[in-house]
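**Q**
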Amino acid sequence: MAIRVNLDVMMAKRKISLNELSQKVGITLSNLSILKTEKAKAVRFSTLNKICEVLECQPGDILEFIPDE
Amino acid sequence: MKSFKNNFFVKTTYAYVNLVYIIFLFIITVLLITTIFGLLSHSNVINSSLLNSNLFGLWTKDKSITENTFWLFILIVNASTVAGIYYCLKRLNAFLKNVYEDKPFIKENGKHLKIIGILIMFFSTLIYLIKIFTIQNNVPVTSLLLKYLFLFANIISSLFNPYLIIGLVIFVIGEVIISAVEIKEEQDLTV
Numbered sequence: 568m569a570i571r572v573n574l575d576v577m578m579a580k581r582k583i584s585l586n587e588l589s590q591k592v593g594i595t596l597s598n599l600s601i602l603k604t605e606k607a608k609a610v611r612f613s614t615l616n617k618i619c620e621v622l623e624c625q626p627g628d629i630l631e632f633i634p635d636e
Numbered sequence: 367m368k369s370f371k372n373n374f375f376v377k378t379t380y381a382y383v384n385l386v387y388i389i390f391l392f393i394i395t396v397l398l399i400t401t402i403f404g405l406l407s408h409s410n411v412i413n414s415s416l417l418n419s420n421l422f423g424l425w426t427k428d429k430s431i432t433e434n435t436f437w438l439f440i441l442i443v444n445a446s447t448v449a450g451i452y453y454c455l456k457r458l459n460a461f462l463k464n465v466y467e468d469k470p471f472i473k474e475n476g477k478h479l480k481i482i483g484i485l486i487m488f489f490s491t492l493i494y495l496i497k498i499f500t501i502q503n504n505v506p507v508t509s510l511l512l513k514y515l516f517l518f519a520n521i522i523s524s525l526f527n528p529y530l531i532i533g534l535v536i537f538v539i540g541e542v543i544i545s546a547v548e549i550k551e552e553q554d555l556t557v
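Quick mapping for you: the protein sequence lines, in order, are chains X and S. Letter by letter, the first sequence follows residues 568 to 636 of the numbering used here. Letter by letter, the second sequence follows residues 367 to 557 of the numbering used here.
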């Protein structure tokens with residue numbers, strides 16, 4: 568898949584751990600880990616909304632499209 | 367999700383199929399021993415041993431049919447059908463075990479059902495076709511045209527035997543389960 572997830576970059580900028588982020592967003596640690604490691608097949612808008620709210624960022628800061636070469 | 371271990375029908379079906387799977391080989395062994403014993407002794411018990419071999423009603427008492435070579439052919443068909451039934455039981459037992467252990471939506475279950483469906487379709491059609499070509503001799507039809515029409519109608523009717531439809535439905539359910547597994551995987555990986 569050509570979508571890169573830069574969640575770890577934003578988490579480092581905001582100095583927040585995965586555990587803390589999962590608690591604030593309201594999803595399980597395993598689900599957040601699935602997203603962070605790019606194993607997710609789909610992301611709900613509600614989840615993306617919550618993540619952007621907690622990390623005070625735009626969806627484009629977390630998700631990046633990499634074209635296939 | 368409710369556990370299948372508390373489901374009465376799942377528990378009962380699994381227990382029943384498991385029991386049949388375990389004693390099936392024993393029953394077949396007993397039949398085989400009585401058949402061989404009947405063949406090794408002399409003519410009085412040959413009819414009863416042949417009766418044991420006539421598991422699927424593939425021949426009648428017509429003398430022209432009970433020749434040695436045809437009898438061997440029927441024995442081979444019976445043996446392969448019994449092996450097919452045993453393999454189906456094995457697969458069905460594995461499928462029910464997975465369901466009982468709360469793992470209904472796995473690809474393995476879909477494959478089990480597809481194989482069971484194919485085997486049922488194949489062996490039921492084979493048995494029906496053999497019955498048509500052997501027992502058809504007893505049809506009281508004088509005209510040759512009518513005889514061939516009757517044969518043709520019988521062959522077509524073998525495609526509509528109920529076991530073929532059951533096999534097809536089981537095959538389709540297997541495909542549905544495989545499709546459900548893909549949907550479940552996508553759902554599991556949606557955050």
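Note that the Cβ used here is the ideal one computed from N, Cα and C, for glycine as well. This one's a predicted model, so the numbers in the text were calculated from it and none came from an experiment.
1. Figure out for me which residue from S:L555, S:I481, S:L510, S:E467 has the closest Cα to the Cα of G540 (chain S).
2. What residues in the stretch 570-593 of chain X have a beta carbon less than 8 Å from any beta carbon of chain S?
3. So, using beta-carbon positions, are V355 (chain S) and N598 (chain X) closer together than 7 Å?
4. Would you verify that the beta carbon of V547 (chain S) is, or is not, closer than 7 Å to some beta carbon of chain X?
5. Provide the residue span of the alpha helix (DSSP H) that contains V535 (chain S), from first to last.
6. Is there a Cβ from chain S that is less than 7 Å from the Cβ of L602 (chain X)?
7. Using a Cβ-Cβ cutoff of less than 8 Å, which residues in the same chain neighbour L555 (chain S) once the five nearest sequence positions on both sides are dropped?
8. So, under 8 Å CB-CB, E349 (chain S) and N459 (chain S) are touching, yes? Tell me the CB distance rounded to an integer number of Å.
9. Would you kindly work out how many angstroms separate the C-alpha atoms of T491 (chain S) and L455 (chain S), rounded to a whole number?
10. Taking the alpha-carbon of M577 (chain X) as reference, which of X:R611, X:K603, X:V610, X:F612 has the nearest alpha-carbon?
11. Using a Cβ-Cβ cut-off of 8 Å (strictly less than) and excluding sequence neighbours within five positions of Y466 (chain S), which residues of its own chain qualify?
12. Can you find a CB in chain S that lies within less than 7 Å of the CB of E636 (chain X)?
13. Determine the direct distance from the alpha carbon of L510 (chain S) to that of L330 (chain S), and round the result to whole angstroms.
14. Measure from the alpha carbon of K469 (chain S) to the alpha carbon of each residue in S:V547, S:F390, S:N384, then state which is nearest.
15. Got a sec: which bits of the stretch 609-636 of chain X sit with their beta carbon under 7 Å from any beta carbon on chain S, in order along the chain?
16. Taking just the CA atoms, how far does N444 (chain S) sit from I536 (chain S)?
17. Looking at the C-beta of L555 (chain S), does it have a partner C-beta in chain X at a distance below 7 Å?
18. Considering only the alpha carbon of each residue, which of X:P626, X:I618, X:L630, X:E631 lies closest to S584 (chain X)?
19. Give the interface partners of E344 (chain S) over in chain X, defined as CB-CB distance under 9 Å, in chain order.
20. What are the boundary residues of the alpha helix (DSSP H) that I522 (chain S) is part of?
21. Report all residues from its chain with a CB closer than 6 Å to the CB of G476 (chain S); omit the five preceding and five following residues, and keep chain order.
**A** The relevant details are as follows:
1. S:I481
2. none
3. Coverage of chain S is limited to positions 367 through 557, which leaves residue 355 (chain S) absent and any answer about it impossible.
4. no
5. First-last of the alpha helix (DSSP H) with V535 (chain S): 528-554.
6. yes
7. none
8. As displayed, chain S neither begins before 367 nor continues past 557, which places residue 349 (chain S) out of reach and without an answer.
9. 19 Å
10. X:K603
11. F370, K371, V376, K377, Y380
12. no
13. No information on residue 330 (chain S) is available, as it lies outside the stretch 367 to 557 that chain S covers here.
14. Looking from the CA of K469 (chain S), the closest CA among S:V547, S:F390, S:N384 belongs to S:V547.
15. Residues of the stretch 609-636 of chain X that bring their beta carbon within less than 7 Å of a beta carbon in chain S comprise A609, V610, R611, T614, in sequence order.
16. One C-alpha to the other measures close to 23 Å.
17. yes
18. X:I618
19. The structure shown does not extend to residue 344 (chain S), since chain S is modelled only from 367 to 557, so the question has no answer here.
20. Counting along the chain, the alpha helix (DSSP H) containing I522 (chain S) begins and ends at 510-524.
21. G540, I543, I544
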